[in-house]
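One structure below.
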Amino acid sequence: MERPIEPSASHSLRCRTRYAAGTSLCNNNKRTIRMNKNKMALLLLFPLCMASSAYAAVSAEQAKQLGTTLTPVGAEVAGNADGTIPKWTGGFQQKPAGHQPGSFSPIPFPDEKAKFQITAANADEYKAKLSESVYYMLKNYPDYRLDVYDTHRTASAPQWFYDYAAKNAVNATSAKDGLAIENAYGGTPFPIPKTGSEVLWNHLLSWKGTAVDTLYRLYMVDGSGRRSLTSVIDINEFFRYSLPGGEKDFDGWWWWHRAKTTAPGRSAGEALVGLFPNDYEARQPGSWQYMPGQRRVRKLPNVQFDTPNFYVSGLAQFDEAYGFFGSPEQYDWKLVTKREMYIPYNTNALLAADPEKTLGGKFIDPSVVRWELHRVWEVEGTLKSGKRNAAPKRKLFMDEDSWAIVASDLYDAQGKLWRGGIGYTAVSYDLPGVITLPYQSLDFQQRAYTIAGYIKNYTPVEPRPRSYFTAEALTQDALR
268 MERPIEPSAS
278 HSLRCRTRYA
288 AGTSLCNNNK
298 RTIRMNKNKM
308 ALLLLFPLCM
318 ASSAYAAVSA
328 EQAKQLGTTL
338 TPVGAEVAGN
348 ADGTIPKWTG
358 GFQQKPAGHQ
368 PGSFSPIPFP
378 DEKAKFQITA
388 ANADEYKAKL
398 SESVYYMLKN
408 YPDYRLDVYD
418 THRTASAPQW
428 FYDYAAKNAV
438 NATSAKDGLA
448 IENAYGGTPF
458 PIPKTGSEVL
468 WNHLLSWKGT
478 AVDTLYRLYM
488 VDGSGRRSLT
498 SVIDINEFFR
508 YSLPGGEKDF
518 DGWWWWHRAK
528 TTAPGRSAGE
538 ALVGLFPNDY
548 EARQPGSWQY
558 MPGQRRVRKL
568 PNVQFDTPNF
578 YVSGLAQFDE
588 AYGFFGSPEQ
598 YDWKLVTKRE
608 MYIPYNTNAL
618 LAADPEKTLG
628 GKFIDPSVVR
638 WELHRVWEVE
648 GTLKSGKRNA
658 APKRKLFMDE
668 DSWAIVASDL
678 YDAQGKLWRG
688 GIGYTAVSYD
698 LPGVITLPYQ
708 SLDFQQRAYT
718 IAGYIKNYTP
728 VEPRPRSYFT
738 AEALTQDALR
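Next up, the structure:
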């Protein structure tokens, strides 16, 4: 069970005393009274321990920080002391001239030049503000570099999302040892988080729009440097949790997902429906797949955790998608700290570029990636006893302004860095907000990587009905 961290106005992380109780067998009569007192203390403490599996919302007084010293989703409004991170002033809310609906054009801040570069030669100087995976890339690939630009805090969301976040702050609770959330809807569930699982739920339920359509490209670059387009998927998303005014008939399935593969030819016509819950103890994700060769729909097994991701030829795990995907049940999640980190941000230029030219044999062309200094939350996951996962330990880093995972480090059974992840955060003018796509998974043993979500469009649409996200709908669509 994870330990809550007490929030404060500055989001500093203060240690709290943790009590561990134990007893020893003793036949010494002189200690009987003391042992009985200890047992009574344990009995009194036991209900408190049980209650801690459902962490309370913050007080109304603490919630007053939102919209004042904290942004409506819980980031620090103020910049940092040396001015390299500016004050948040609302993010991008207006569509710029020349914007094409659904697109990522125009590129933000097109006239800016990189302030400096981080390379293998000076990586040690900046190591404290890099994920271990990015540092590894710099030290092992001499031509890899980070072009660092001025920081722009462009993340935003609609006002109704902020209003829901304010309600959640004083009502939402993390339950069932972090496997479920209760009394949360519509906005960031835990804008003033106390535990690692609360930060993880903030990522899962971060603002990504209400309903969107996109064409999703996935690539694999193997150890020899050969690039392959592994999947092209037509995706329809309905983030049901983020439907304004929809809380009265919300049934706990927060994400409705439907996808149809259009390429390569051997997979064309395959279709998938997925539903994802806000209570992973009471429910498991439901996934159904249509196979055109068999002309039938089958219910998929539990496609999560370290199951090889068939969309990228098995080179990445399913739980690496978007930085972390699926149930949090396998890990104990510890909230480590908040710190400054260089991460890709405002990377619309990457999405505008041709992936056939930018996806190199070892890494993405550095000239199309914009890096900025931002504050991130660091959460560490340690595999629970009795659970199995190829990554017994992982670190996740969430952007404070959007709650999206922007970097990850995965370790093997020997504690050695094994895999990593980098999220590329771009401005979506139509939401408005930022989305972290594509997401890159790095395999350091095979010296290979995958890219998921190299998209050209991200188009808000009217939500489709529940009947669209069913196994029956997959069959009906295939028979037309």
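Going by the working numbering, the final residue of the sequence shown carries number 747, and the count climbs one at a time with no gaps.
C-beta: ideal position from N, C-alpha, C; glycine also.
Fair warning: this is a prediction, and the values are worked out from it, not measured in the lab.
Exercise for the section: Let me know if residue 427 comes out buried or exposed under the rule of 16 or more other beta-carbons within 10 Å of its beta-carbon. Expected result: exposed
Problem - Cβ pair count under 8 Å reaching 3, the stretch 355-363 against the stretch 453-471 - result: Here the stretch 355-363 does not lie against the stretch 453-471, with fewer than 3 beta-carbon pairs under 8 Å apart.
Problem - For residue 545, the three-state DSSP class (helix, strand or coil) - result: coil
Practice task
Give me the Cβ distance between residue 529 and residue 499, rounded to the nearest whole Å; I'm assuming they're in contact under 8 Å.
Solution key: 5 Å
Problem - Where residue 470 falls: helix, strand or coil (DSSP) - result: helix
Exercise for the section: Sort out for me which residues DSSP pairs residue 383 with in a bridge. Expected result: Bridge partners of residue 383: 415.
Practice task
Output the distance between the C-alpha atoms of residue 370 and residue 511, rounded to the nearest integer angstrom.
Solution key: The straight-line gap from Cα to Cα measures roughly 24 Å.
Exercise for the section: Taking residue 428 as part of the beta strand (DSSP E), name the residues at either end of that continuous run. Expected result: It is not in any beta strand (DSSP E) - residue 428 instead sits in the alpha helix (DSSP H) that spans 426-438.
Practice task
Quickly, what does DSSP pair residue 488 with across the bridge? List them, please.
Solution key: Looking at the DSSP assignment, residue 488 forms a beta bridge with 494 and 716.
Exercise for the section: Return the Cβ separation of residue 445 and residue 646 in integer angstroms, given the expectation that the two are a contact with Cβ distance under 8 Å. Expected result: That belief does not hold up - the Cβ atoms of residue 445 and residue 646 are roughly 11 Å apart, past 8 Å.
Practice task
Output the boundary residues of the beta strand (DSSP E) element that contains residue 705.
Solution key: Counting along the chain, residue 705 sits inside the beta strand (DSSP E) bounded by residues 700-710.
Practice task
Inspect the CB distances between the stretch 449-464 and the stretch 373-381 and report whether three or more fall short of 8 Å.
Solution key: Taking 8 Å as the limit for Cβ pairs, the verdict is that the stretch 373-381 does not touch the stretch 449-464.
Exercise for the section: Using alpha carbons as the reference points, say which of 324, 327, 660 and 454 lies closest to residue 685. Expected result: 660
Exercise for the section: Please list, in chain order, all residues of the same chain as residue 710 whose beta carbon is under 7 Å from its beta carbon, the five residues on each side excluded. Expected result: 582, 686 and 716
Handout entry: Burial state of residue 313 (16 or more Cβ within 10 Å)
Key = Because the pLDDT of residue 313 is 41, which lies under 50, any placement of that residue in the model is unreliable, and the number read from its coordinates should be weighed accordingly. Residue 313 comes out exposed.
Practice task
Sort 438, 384 and 640 by Cα distance to residue 611 and report the nearest one.
Solution key: Minimum Cα distance to residue 611 is reached at 640.
Exercise for the section: Pull up the CB-CB distance for residue 725 and residue 479, whole angstroms please, since I reckon it's below 8 Å. Expected result: Their Cβ separation, rounded to whole angstroms, is 6 Å, which keeps residue 725 and residue 479 in contact under 8 Å.
Problem - Element boundaries [alpha helix (DSSP H), containing residue 368] - result: Annotation for residue 368: no alpha helix (DSSP H) segment contains it, and DSSP assigns it neither H nor E.
Practice task
Write down the C-beta distance between residue 754 and residue 603 rounded to the nearest angstrom, noting that I regard them as a contact closer than 8 Å.
Solution key: Past the boundaries of the shown model lies residue 754; the chain is included only from 268 to 747, so the question cannot be answered.
Practice task
With DSSP collapsed to three states, give me the class of residue 615.
Solution key: helix
Exercise for the section: List the endpoints of the continuous beta strand (DSSP E) containing residue 556. Expected result: 553-558
Handout entry: residue 387 to residue 398 span [Cα, whole Å]
Key = 14 Å
Exercise for the section: Assign residue 333 to buried or exposed, taking buried as 16 or more other Cβ atoms, counted over all protein chains shown, within 10 Å of its Cβ. Expected result: Flag for residue 333 reads buried.
Exercise for the section: Look up residue 584 in the DSSP assignment and give the residues it is bridged to. Expected result: 575
Practice task
Mark residue 642 as exposed unless 16 or more other C-beta atoms lie within 10 angstroms of its C-beta, in which case mark it buried.
Solution key: buried
Handout entry: Check whether residue 330 and residue 442 have beta carbons under 8 Å apart
Key = no
Practice task
Could you tell me whether the Cβ atoms of residue 636 and residue 617 are closer together than 8 Å?
Solution key: yes
Handout entry: For residue 664 and residue 772, the rounded distance between their alpha carbons
Key = This structure gives no information on residue 772, because the portion of the chain shown stretches from 268 to 747.
Exercise for the section: Specify whether the stretch 592-602 and the stretch 570-582 touch according to this definition: at least 3 beta carbon pairs, one from each stretch, less than 8 Å apart. Expected result: yes
Exercise for the section: Would you tell me roughly how many angstroms separate the C-alpha atoms of residue 482 and residue 722, rounded to the nearest one? Expected result: Cα-Cα distance, rounded: 6 Å.
Problem - For residue 686, the residue or residues it bridges with in DSSP - result: 677 and 710
Exercise for the section: Report the three-state DSSP secondary structure of residue 465 (helix, strand or coil). Expected result: Helix at residue 465.
Handout entry: residue 484 versus residue 346: straight-line alpha-carbon distance, rounded
Key = Straight-line Cα distance between these residues: approximately 36 Å.
Handout entry: Cα-Cα separation between residue 579 and residue 495, rounded to whole angstroms
Key = 9 Å
Handout entry: Alpha-carbon to alpha-carbon, residue 412 and residue 385
Key = Answer to the nearest angstrom: the Cα atoms are 6 Å apart.
Practice task
Hey, could you find the ends of the beta strand (DSSP E) residue 333 is sitting in?
Solution key: Taken as a continuous stretch (DSSP letters only), residue 333 belongs to no beta strand (DSSP E), as it is neither H nor E.
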